[in-house]
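These notes concern the structure reproduced below.
Residue numbers (my numbering), protein chains in the order written: chain A, 25 to 495; chain B, 3 to 68.
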């Protein structure tokens, strides 16, 4: 098969060929490694490329499949992991200088589960330092760039995973999401990413950002691929004390169920408010498409939704500062300037601020659970703007007013993070500059299945996810 | 008093001393306007959460499975 064709294969398509032995895992892995060699100098999606290990595993996988031992749809699939996910024997820097030489002696649970499913890890992806930021402008490992326009940012903090998938250097990747770090890069890179319900996927051996909000999950080009990776990593883990016992459904079996009759909620004065015109237009068009598929749209008031950005900033400031407390006193100069400043600020909140922010989460969750009595999912844009220039610290959303990037970027993704709800981001169009727009679908606790079903139905009716950046 | 006025160089100095966080004077000065903005927003949220209607709400650190 020609290399160009190999790069465009989805996980599902590649798996079908690998199972029938029409495609070799060695050939597929080599195509990805070659692609990384060709484009990664430009986009810097990877901190470490695991070429030697990937080739070795690909060879063993080929022998295994030839011998008749096919493990399932991830067997022989090249994937990448964000560099805050422990990988045994492969350095795990968390995008930092402080952990630049850290080589874990064991895998994160999610890495072990992907390996057990037969996935081949081609590399560890670039990220915002210690996941504390939304740009992936990394002072230690290079500025990651957006494959759709390398002058633009890939968002973050899982920017490397988003760029790696969009650039066709792997078929899927894992990211981590605290306040939006999977969904934001999924949106601006034109791919799919899900934040799971807290407890659904193990955080064991993942470098934390904010303990009460952290999650791990896949980023892929299609919803169906996302389901394949999600099924491999989801489920109870005794090593993670926040891990949930909730049963993991057969999501792939549920995907073909139509969305006719599905009730879709918009939060009044929020879901379509304070967004760039192209973003608002794309979300309205996506809503219309869902209505054509039989969904019913309803507007719901949620009086407490405003306040979410302050709550998120408070929790995301205080918890990382607790984790980094000793390093900030002994190795402050080893942090990048933006992260060092945020960690210093996080030491200066009052305990009452933190507690009130945690109480706000209860209030927000209560209002969402009330809303879910009337609708099945809520929709918002994933972020209110498309990819900004690399290095920008401010963004214009409406008029000429410049806004602080860190606050603006949290406008929509922070809400499900605070309320402990699952949320899927999927591509729904492009702005006039050819930059992707994403939509966020928010679901009930542990109801990732409905999010996948909505996303899959939308992708069956549209072709945004089939477009690829010219690199 | 508004947070913009109440957060000063001295405030940051005092907070650093409390936290045993040694910061150079220029770093402390740099934090003042940023902290004022963050604390202002946090105070606003605190006022909202202190309302009588929200008195029974508990902080959430771990979400229930159902």
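Ideal Cβ placement from N, Cα and C applies to all residues, glycine included.
Proximity test, Cβ basis, 8 Å: residue i and chain A
| i | result |
| --- | --- |
| residue 67(B) | yes |
| residue 27(B) | no |
| residue 44(B) | yes |
| residue 11(B) | no |
| residue 14(B) | yes |
| residue 8(B) | no |
| residue 61(B) | yes |
| residue 21(B) | yes |
Three-state class that DSSP yields for residue i in the structure shown
| i | result |
| --- | --- |
| residue 333(A) | helix |
| residue 458(A) | coil |
| residue 162(A) | strand |
| residue 258(A) | strand |
| residue 147(A) | strand |
| residue 71(A) | strand |
| residue 471(A) | coil |
| residue 31(B) | helix |
| residue 202(A) | coil |
| residue 427(A) | strand |
| residue 111(A) | strand |
| residue 22(B) | coil |
| residue 420(A) | strand |
| residue 36(B) | helix |
| residue 42(A) | helix |
| residue 392(A) | helix |
| residue 56(B) | helix |
| residue 298(A) | coil |
| residue 282(A) | coil |
| residue 384(A) | helix |
Local Cβ density within 10 Å of residue i, reported as buried at 16 or more and exposed below that
| i | result |
| --- | --- |
| residue 424(A) | exposed |
| residue 248(A) | buried |
| residue 209(A) | buried |
| residue 175(A) | exposed |
| residue 44(A) | exposed |
| residue 450(A) | buried |
| residue 137(A) | buried |
| residue 29(A) | exposed |
| residue 330(A) | exposed |
| residue 340(A) | buried |
| residue 106(A) | buried |
| residue 236(A) | buried |
| residue 84(A) | exposed |
Bridge partners - residue i, DSSP secondary structure assignment
| i | result |
| --- | --- |
| residue 449(A) | 217(A), 464(A) |
| residue 130(A) | Paired residues: none, contrary to the question. |
| residue 197(A) | 104(A), 243(A) |
| residue 402(A) | 289(A), 466(A) |
| residue 320(A) | 287(A) |
| residue 176(A) | 413(A) |
| residue 225(A) | 258(A) |
| residue 170(A) | 173(A) |
| residue 230(A) | 109(A) |
Test: residue i CB closer than 8 Å to a CB of chain B
| i | result |
| --- | --- |
| residue 228(A) | no |
| residue 334(A) | yes |
| residue 337(A) | yes |
| residue 269(A) | yes |
| residue 260(A) | no |
| residue 205(A) | no |
| residue 369(A) | yes |
| residue 444(A) | yes |
| residue 360(A) | no |
| residue 469(A) | yes |
| residue 379(A) | yes |
| residue 372(A) | yes |
| residue 331(A) | yes |
| residue 245(A) | no |
| residue 417(A) | no |
| residue 425(A) | no |
| residue 266(A) | yes |
| residue 276(A) | no |
| residue 386(A) | yes |
Is there contact here, the stretch 325-335 of chain A with the stretch 362-372 of chain A, by at least three beta-carbon pairs under 8 Å?
no
Cβ pair count under 8 Å reaching 3, the stretch 266-273 of chain A against the stretch 195-213 of chain A
no
Within the chosen definition, does the stretch 140-150 of chain A reach the stretch 96-110 of chain A through at least 3 CB pairs nearer than 8 Å?
yes
Contact between the stretch 402-415 of chain A and the stretch 168-185 of chain A is defined here as three or more beta-carbon pairs at a separation below 8 Å; is this criterion met?
yes
Would you call the stretch 469-476 of chain A and the stretch 37-57 of chain A in contact, with 3 or more CB pairs under 8 Å?
no
So, do the stretch 367-378 of chain A and the stretch 423-443 of chain A have three or more beta carbon pairs nearer to each other than 8 Å?
no
Is there contact between the stretch 269-283 of chain A and the stretch 237-245 of chain A, where contact requires at least three CB pairs shorter than 8 Å?
no
Would you call the stretch 215-231 of chain A in contact with the stretch 117-137 of chain A, where contact means no fewer than 3 C-beta pairs closer than 8 Å?
yes
Cβ pair count under 8 Å reaching 3, the stretch 210-218 of chain A against the stretch 446-466 of chain A:
yes
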